[in-house]
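Here is the structure we will look at.
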Amino acid sequence: MNLLPSVLGLFLYFPEDKTEYIPAVITMAIFGIAAFLAFRYIVKVSKKEQGKVDELYNKSVNRNEQE
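Count along the sequence shown from 1, then add 44; that gives the number in this note's numbering.
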């Protein structure tokens, strides 16, 4: 179990100069905004497709009722 702290030490880095966090925060903000916009776009396209499917379904039901 003595290996665990040395292995975790390879991945954890807390700089003394906090300005080193600025590029990471900017990158995270850009990717966060991009993910949010992609999600909104997917929801918007999905609603349009759902409307088309509902319209086709209603046409099909009306056609079957007339026959």
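Glycine is no exception: its CB is placed at the ideal position from the N, C-alpha and C atoms.
Specify, as a first and last residue, the run of the alpha helix (DSSP H) that residue i falls within.
i, result
"residue 67", "65-110"
"residue 58", "Here residue 58 belongs to no alpha helix (DSSP H), and DSSP marks it neither H nor E."
Apart from the five residues on each side of it in sequence, which residues of its chain come closer than 6 Å, Cβ to Cβ, to residue i?
i, result
"residue 54", "none"
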